[in-house]
Each structure stands twice: as C-alpha cells, then as structure tokens.
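Have a look at the structure below before the remarks.
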Amino acid sequence: MRKICIINQKGGVGKTTTTVNLAVGLAKEGKKVLVLDMDPQGNVSACLGVESDKDMYDFLIENADIAQCTKRVVENFDVITSNERLHKAELLMSGEAARERVLKKKMGKTNGYDYILLDCPPSLGLLNQNAMLYADEAIIPAATDVLGVDALRKMVAAIQKMNEVFDHTLAVSKILPTMYDTRGKLSKNMFSLMQSEFYGLVTEPIRLNSKVRESPGVQKPVILYNKNGKGSQDYKNFIKAVLRDEMKYDSKASKIAARGKLQIKEVEI
Ligand SMILES: Nc1ncnc2c1ncn2[C@@H]1O[C@H](COP(=O)(O)OP(=O)(O)OP(=O)(O)O)[C@@H](O)[C@H]1O
Ligand SMILES: [Mg+2]
C-alpha cells in the first residue's frame, strides 16, 4: 500500500486537482484508492460532487469508525471528505500530547487499499504535519513561476526538517510542475530550473488548460470531463509516471518483483 500526501504550503498550485485526477486514474487501472481530504476548505467534495454525513472531523475527533466516514465515489475510489469543521479539529488536536500523530494512530493498520492519497491544505500547520507523518511519500505540485520555485524549495526543506525532528522517512517521490504556460518563456525556464535542482524527481508539466479550470463546475475531474483534451493527456502521463514507481515505493510490489514474478505492463488509462 502506498500512502502519498499531495502537499505544498503554497495555495492554488493544483494540489486538489492533482489528487482527484490521480485518484480517478488509479481507480480506472483497478487500484483501490482512498482519498483523505485534510483541508478544511473541503475542495475534494466540491470537485467530486460527494457529501457524507460523517467526515474527517468525526474520524479524527469523535472516534467515528473509518467505515462510517468513508464514502464511495466510483468503483475502487473512496473518500473521507472535510469541511470547515476541520479547523476546530486542528484546535482540539493541538492540546493532545502526540498531536502530530493523531491521523497515523487513527488510521492504524487500515489496509484493503492500494493507494491512500492525502489532499493537504496550503500550510505547514498541524493538519499537514499529521498528513506528513502518516504518509511514506510526498508528491509536490509546484507552479512554474518564480514564487512557485521558491515555494518548492521551502517545501522540500520543510519535509527534510520534519523527517529530522520526528525521525520519519517521508520521501519526495515526484515534483509535478503545474500551471505551465506554453506561450511565454517563464514556465519553460522555471521548469528547467526545477529539473536542474531536483534531478530525477520532476515529471512532465501540467499545462494551463481551461477545461481543467472548468472541471470543478461539473463536479468531475478533467480526465472524466474532457477525456481527450490537453488536461487529460497531461494528467494521464502523470498517472503513468506514478504507477511506474510502484516497485520502488510499494513494499508488496517490490517483494513480488524481487522474486521475479512481477510483469510490468504499459498502462492504458
Ligand atoms: N492546469 C490547470 N489549468 C488551469 N486551471 C487549473 C489547472 N490546475 C488547477 N487549476 C485551477 O486552479 C485553481 C487552484 O487549483 P487547486 O484547487 O487544485 O489548487 P490547490 O493547490 O489545491 O489550492 P489550495 O491551496 O487552495 O488547496 C482551481 O480553480 C483549479 O480549477
Ligand atoms: Mg486544495
């Protein structure tokens, strides 16, 4: 099972968009996916058009069972939604001794999923610390502009600091350049800069695309809303790149591979 937080302390860089498209794409590939919305803005439910009676607040604070809080989106894809009540959860958690590991404790030995994706809020607060200490991997969407590169450097440094302070091993598995503007030189230059600074981690970019921007309005990720458009193409490439990493980051897949039994097939999303 892979536990991946989609994180950047900078707002509006495409974290939620990436989370929902990745989740749908993986589910279409037959992977069992659970998305945890760690953001009190609650944008995951808005992007997917799902609501549930019990949510992340009930799960973290009210001792609700995970099954009660989980809502099915489509086949293979479940979600625990959030809303502004999660701000209160953060305040309540701040009084606890092991406040940074509340989520990890609640998730316990939850399995039955191939991927757990955590959509993080734009901060480095307690909710994100909980996400980082539960996850094994971080995907950092980063805007291809000057402030985007600055935020990326700060995010990578923050993960290193978290690992040091909490003796954790969160790995940055992918950096995803977003909001890529093909018309000017700035995005190209910032993409090259990211590649040179974070060699081997930077994927192909997600281009600026009007259908991606429209997709929350129809409550569907762009790979379902505009299947053959540029936004879909870019996200499908990204999903393939994440799947290719399975042997590196999924302990079950890597054990099977070590025994020489894993066939790598080219995915068709
Ligand atoms: N490739 C893209 N092209 C055009 N618009 C995009 C693209 N990706 C995301 N957007 C739009 O940009 C806005 C911010 O995206 P999103 O909500 O995914 O970012 P975020 O990092 O999750 O934001 P926050 O930090 O507030 O949680 C949304 O309106 C979204 O529809
Ligand atoms: Mg978001």
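Numbering (the working numbering), first residue to last: 1 to 269. Note that beta-carbon positions come from the ideal geometry of N, C-alpha and C, so glycine has one too. Please read these numbers as outputs of a predicted model, since none were measured by experiment.
What are the boundary residues of the alpha helix (DSSP H) that Ser173 is part of? No alpha helix (DSSP H) contains Ser173, which is instead part of the beta strand (DSSP E) from 171–178.
Taking all protein chains shown into account, decide if Gly12 is buried (16 or more other Cβ within 10 angstroms of its Cβ) or exposed. exposed
Apart from the five residues just before and just after Leu26, which ones in its own chain have a Cβ nearer than 6 Å to its Cβ? Val33, Tyr115
Cut-off 8 Å between Cβ atoms - residues of its own chain near Thr169, not counting five sequence neighbours on either side: Asp136, Asn163
At a threshold of 7 Å, does Gly12 count as lining ligand 1 (C-beta to nearest heavy atom)? yes
Near ligand 2: Asp39 beta-carbon under 7 Å from a heavy atom: yes
In angstroms with no decimal places, state the Cα-to-Cα distance between Ile4 and Ala97. 25 Å
Using the three-state DSSP reduction, which class does Ile80 fall into: helix, strand or coil? strand
Buried or exposed: where does Ser153 fall if 16 or more other Cβ atoms within 10 Å of its Cβ makes it buried? Contrary to the premise, residue 153 reads as Arg rather than Ser in this sequence. It counts as exposed.
Spatial neighbours of Ala131 in its chain, beta-carbon cut-off 6 Å, leaving aside the 5 residues before and after: Cys5, Met38, Leu118, Cys120
For Pro122, three-class secondary structure by DSSP: coil
Suppose the cutoff is 7 Å on Cβ atoms and the five residues either side in sequence are ignored; what does the same chain contact list for Ile66 look like? Phe59, Thr110
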